[in-house]
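One structure is given below, encoded as structure tokens.
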Amino acid sequence: MKTYTRQKLTFDQFLEQCPEEGLYELVDGEIVEVRATRNHDDVADFILFSFNDEIRRLNLNYVVKNTAVFKTITANGIEQGRKPNVSVIDKDTWRSNRSAYSALEASIQLAVEVTSTNWEDDYIDKLDEYQRLGITEYWIVDYLAIGLREYLGNPKVPAVFVFLLNAEGKYQRTLFRGSERIVSRTFPELALTADQILTA
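Heads up: the sequence shown is residues 15 to 214, going by my numbering.
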């Protein structure tokens, strides 16, 4: 019996081999398709449009994308290619090489992941990778309440989690539910409640 070992892809190989149609991430050296329900897309789009409105209203130096891919590194040194549902990126960083594809190796300002069946990626793997990369603000939007009870409580209730990087480079978590206004370091004047996001 022969055993064939498929070589794990690097981030650069992922960018070269990634199909042009569809949404993909590099996870543990393999290209993984990321699929979403319409409800999932509605929640992500609502956040994207809200951020975009705030950037225009206050003339902030950010761009908002749902196509940006950036390189993260796991605790074991494995390169990953992550594509958040919503990315807020410094405009100068985004425009530094406008002929490049949407892949970045630098940290971004804010990443939003809307949970789905692979919720463990958002709560465990991406949380660690984004903290390691130094992403200032990370949101997990668990509109299905499918995450861990230690986060969501018992019974589990839909929630928005905002993780902010502290001076030691560690995330501090805040939970928002119902009519609670989301508190964002990136968008301090943002006037959105958890319910508005969770029921979009």
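C-beta atoms are modelled at their ideal positions from N, C-alpha and C, and glycine is treated no differently.
Asked: Does the beta-carbon distance from Asn99 to Val41 come in below 9 Å?; Found: no
Asked: Once the 5 residues before and after Val78 are set aside, which same chain residues still bring their CB inside 6 Å of it?; Found: Leu62, Phe65, Asn66, Val102
Asked: Does the contact criterion of 3 or more C-beta pairs under 8 Å hold for the segment 22 to 37 versus the segment 126 to 135?; Found: no
Asked: My guess is that Ile211 and Val174 are in contact by the Cβ rule of under 8 Å, so how many angstroms apart are they, rounded?; Found: 6 Å
Asked: I'd like to confirm the pairing. Which residues does DSSP put opposite Arg187 in its beta bridges?; Found: Phe177
Asked: Please classify Val197: is it buried, with 16 or more other beta-carbons within 10 angstroms of its beta-carbon, or exposed?; Found: exposed
Asked: Threshold first: 4 residues or longer. Then list the alpha helix (DSSP H) segments lying entirely within the segment 92 to 163, N to C.; Found: 105 to 108, 140 to 147
Asked: Please classify Val83 as buried or exposed, where buried requires at least 16 neighbouring CB atoms within 10 angstroms.; Found: buried
Asked: Here's the rule I'm using: 16 or more other beta-carbon atoms within 10 Å means buried, otherwise exposed. How should Leu162 be labelled?; Found: exposed
Asked: Got a sec, what are the start and stop residues for the beta strand (DSSP E) Val48 sits in?; Found: That residue, Val48, is in no beta strand (DSSP E); it is neither H nor E in DSSP.
Asked: Among Tyr165, Arg70, Val48, which one has its Cα closest to the Cα of Ala97?; Found: Going by the sequence as given, residue 97 is Lys instead of Ala. Nearest option by C-alpha distance: Val48.
Asked: For a quick check, are the C-beta atoms of Thr213 and Glu194 less than 9 Å apart?; Found: no
Asked: Would you mind giving the Cβ-Cβ distance between Leu37 and Ala117, rounded to the nearest angstrom? I have them listed as a contact below 8 Å.; Found: Actually they do not touch by this definition, with Cβ atoms about 14 Å apart.
Asked: So, for Phe190: in the same chain, excluding its five sequence neighbours on each side, which residues have a beta-carbon less than 6 Å away from its beta-carbon?; Found: Val174, Ile196, Ala208
Asked: Helix, strand or coil for Ile87 per DSSP?; Found: strand
Asked: Have a look at Ser110 and Arg187 and give me their C-alpha separation to the nearest angstrom.; Found: 32 Å
Asked: Contact defined as beta carbons within less than 8 Å: I believe Gln123 pairs with Leu179. What is the distance between those atoms, to the nearest angstrom?; Found: That pair is no contact at about 11 Å.
Asked: In whole angstroms, what separates the C-alpha of Thr19 from that of Asn73?; Found: Residue confidence for Thr19 is low, a pLDDT of 41 falling below 50, so the modelled location carries little weight; the figure read from the coordinates is stated next. Roughly 51 Å between the two C-alpha positions.
Asked: Thinking C-alpha only, which one of Asn80, Ile149, Glu182, Glu68 is nearest Ile87?; Found: Ile149
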